[in-house]
Structures are given as structure tokens and as C-alpha cells.
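Residue numbers for the sequence shown follow UniProt numbering, so the first one is 1 and each next one is one higher.
Virtual Cβ for every residue (Gly too), placed ideally from N, Cα, C.
None of the values given here were measured: they were computed from a predicted structure.
Accompanying notes for the structure given below.
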Amino acid sequence: MRGNINKRYLKRRKNWFERNLGWFIIILILLVIACAGTIFCINIFGKTNNIDTSLNVSKEANGSQNLETKLAEWIIDEEPANKKVNYTVPTNVQYPYYIKVNRAMCCVTVYGIDNNGSYTIPVVAFACSVGKVGDETIVGDNYNTTDKYPWRLMVDNSYAQNAFRIDGGYLFHSVPYTIMSNDSLETEQFNLLGSPASLGCVRLKMSDVKWIYDNCVAGTKVTIYDDATTPGPLGKPDTIKIPMNSPYAGWDPTDTNVNNPWLKCSSKIEGAKDIITKVNEKVDIKAGVKAKDTCGNDITDKLVTVGKYTFDQVGEYSIKYEVTDAIGSKAEVTVNLKVVK
Numbered sequence: 001m002r003g004n005i006n007k008r009y010l011k012r013r014k015n016w017f018e019r020n021l022g023w024f025i026i027i028l029i030l031l032v033i034a035c036a037g038t039i040f041c042i043n044i045f046g047k048t049n050n051i052d053t054s055l056n057v058s059k060e061a062n063g064s065q066n067l068e069t070k071l072a073e074w075i076i077d078e079e080p081a082n083k084k085v086n087y088t089v090p091t092n093v094q095y096p097y098y099i100k101v102n103r104a105m106c107c108v109t110v111y112g113i114d115n116n117g118s119y120t121i122p123v124v125a126f127a128c129s130v131g132k133v134g135d136e137t138i139v140g141d142n143y144n145t146t147d148k149y150p151w152r153l154m155v156d157n158s159y160a161q162n163a164f165r166i167d168g169g170y171l172f173h174s175v176p177y178t179i180m181s182n183d184s185l186e187t188e189q190f191n192l193l194g195s196p197a198s199l200g201c202v203r204l205k206m207s208d209v210k211w212i213y214d215n216c217v218a219g220t221k222v223t224i225y226d227d228a229t230t231p232g233p234l235g236k237p238d239t240i241k242i243p244m245n246s247p248y249a250g251w252d253p254t255d256t257n258v259n260n261p262w263l264k265c266s267s268k269i270e271g272a273k274d275i276i277t278k279v280n281e282k283v284d285i286k287a288g289v290k291a292k293d294t295c296g297n298d299i300t301d302k303l304v305t306v307g308k309y310t311f312d313q314v315g316e317y318s319i320k321y322e323v324t325d326a327i328g329s330k331a332e333v334t335v336n337l338k339v340v341k
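In C-alpha cells, the structure reads:
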């Protein structure tokens, strides 16, 4: 009896498994899919997190670099503006220039003619000496130049070069010479250029009076006036001083005579050398650098630097020192600024 019961129980159990086998298979498949999905998700999200982390690190690095670049203070020293006026003399013009002398500020400005026939183009300016107190230069606007003289005897028995008559006894001319010789310049009078010093004429250094002598024809109109507020549209050029103890003191530094010893001289820069400094340690790049003009005078205050550089970033930067003296002699020296860690 017991054996029959067990057989019936086993038969029923076998039938239950057979009836539910399909469900077991489905559940198993679902479990496999679930496991596979979990593994897939872990891999994907893990990689994404790694990418995000890399991006964040990259962004932080770039941000740091950008911040460093933004914080760098760049110094940009540009070339001084070229003050030279480009003027071409029109064809078929009898009088291409018109000369104005500002007596109050000892400055001569030469104007060129425009397309309308008016003298509105300031071309060049010169520092001069007009008549001193008691020997004042004439004033007016109806003067026309006439005679020219390579050398001219003056009323005080001195001599002048490139004399060009304005009116009567008033002329443009060089600074006086004691005799009719290029090496006999009255040096004290030359050093007064830019201030009243003459007996009434308009004195200029040799290069300036020669420009007028060579470029302005007889008949050129001259106006002499007083304006103590401004020397003229081009300003008043600086003047150079000749040391009284110089062996070349008897020569005008701008005289083109081949025997002029000043022609072997020029402006110069001294003490310029490469500079090395650490990041964030600023230095005075002009420290120890001096400049002298053609006559040996100190003109360090006219020294300029040209270049782009920073003390906030490691690198090597080119810096040029420049100076131009009062007679147009230019000197240049280039050095390297090295900024290290």
C-alpha cells in the first residue's frame, strides 16, 4: 500500500515539473538577460565616469593655463612715431615753399603748397636764433627772398655761410664764423640756437640753412610773426650743444664739408647687455644703459625701448634700445631678456 502511494506522489511531482518546465526556462532566460544587462551598464557607466574625470582634469589644467596667461602682464614698447612729412613738390610750381618765422619762440616752419595753390602743408621745422633785445628781427608778412651768398660778410665783421636775403639787411644764414673758414665757428653763438642771439638776422645750424638755401628759390614768401603759445604745427626741434673744450669746437656738427671731424662721430648707446631675471621679479631694463649724442652730451632721457615682453612668464624676449639726437644721428642696440624659473 505504501509503495503505491509513493509511486503516485512521484508521478504527480513529475507531472508538475513537466507542466512548469517552460516557466523555469523563461525565468532562467530572464535571469541571464538581467545579469548581462547589469554587467553592460557597469562597463558603460564606468567608462563614462573615467571620460568625465579626464575631461574635468583636462578642463582644470586648461583653466589653470588660461588663468596663468591672463594674469601675465605684457609690456609693449612701440617704435616712436615717424615725424617726417612726406611732401612732393608739385610740377610747374614756381614757388613750392612758404617760410614762416615765429620770432617769439625762435622757430622756423616751412610750408608746402597744396592742390589748391595754398601753403597749408607744414613740411619741416627748424630751431633758430632771432635778434636779441635791442636788435630785434623785423615782423611782417610781405617779405620775399632775393639774393643768395655762399659766404657773406656780416655787419660785425664776422662771416656766415648760405646767406639768403629776407629784406634789406635781414637774412637767413648760418651761425657766424670769425673768418671765412669752416673751422672758425663762433661756438658760443652756436650753443645759443633756439633763443634770441643775433643782430637781427635769422640764424640756423648749417644743415637747416642749407635746406632753405637749396630748396627755396629767390622770391619765396616769408612771414615773421610772434606767437608765444605754440612754435608751429610741427613743434620746435631740439638743439645740440658743442662742448667748449672739444677739439672740434670750431666746426658746426652738421656741416657737410669733407674735412669736418664731427662727421666721424655719431650718437651711441653704452651699457646695454642681455638681462636675466626670475619669473615675477621685475627689473628696470634701462638700468645702467646710457646714451650720448654726436657731440658727447648725455641724452639718456631720450633713450627708448622697443619690444614686447613680460616678467610673469618664462621665456626669452628681444628688446631694442634706440636713441636719436638733435641732429638726426640714430643709434640702436638689441639685447635679450631671459625670464627663468
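Where residue i falls: helix, strand or coil (DSSP)
i	result
THR256	coil
PRO150	strand
ASP183	coil
PRO261	helix
SER78	Just to set this straight, residue 78 is Glu in the shown sequence, not Ser. Here GLU78 sits in coil by DSSP.
LEU192	coil
ALA197	coil
ALA72	coil
ASP156	coil
ASN56	With a pLDDT of only 46 at ASN56, under 50, the local geometry of the prediction cannot be trusted, and no value is derived from it.
Host alpha helix (DSSP H) of residue i (start-end)
i	result
LYS210	206-215
Opening and closing residue of the beta strand (DSSP E) in which residue i lies
i	result
THR109	107-112
GLU316	315-324
ARG165	159-167
ILE138	Element bounds for ILE138: n/a, residue is neither H nor E.
THR334	330-340
PRO96	Looking at the DSSP string, PRO96 is not in any beta strand (DSSP E), and its letter there is neither H nor E.
Bridge-paired residues (DSSP) for residue i
i	result
TYR87	Looking at the DSSP assignment, TYR87 forms no beta bridge with any residue, so it has no partner.
THR178	DSSP, once it has assigned bridges, lists no residue as partnering THR178.
GLY117	BP columns for GLY117 are empty, so no partner.
PHE311	The partner list for PHE311 (beta bridge, DSSP) is empty, contrary to what the question assumes.
VAL124	VAL110
ARG203	SER129 and HIS173
| Any 3 or more C-beta pairs closer than 8 Å across the segment 219-234 and the segment 282-293 | no
| field | beta strand (DSSP E) segments (min. 3 residues) lying fully within the segment 219-305 | value | 221-225, 268-270, 275-278 and 290-292
| query | Are the segment 97-106 and the segment 121-138 in contact at 8 Å, needing three or more beta carbon pairs? | reply | Here the segment 97-106 lies against the segment 121-138, with 3 or more beta-carbon pairs under 8 Å apart.
| Given 8 Å, three or more beta-carbon pairs between the segment 293-302 and the segment 168-182 | no
| query | With a cut-off of 8 Å, do at least 3 Cβ pairs link the segment 220-239 to the segment 136-143? | reply | yes
| field | Three or more C-beta pairs below 8 Å linking the segment 165-174 and the segment 190-209 | value | yes
| task | Please confirm if the segment 267-281 is in contact with the segment 228-248, defined as three or more CB-CB distances below 8 Å between the two stretches. | result | no
| said: Below 8 Å, how does it come out for the segment 86-104 and the segment 117-124: are there three or more Cβ pairs, yes or no? | reply: yes
| field | Inter-stretch contact (C-beta, 8 Å, three-pair minimum) for the segment 230-242 and the segment 157-165 | value | no
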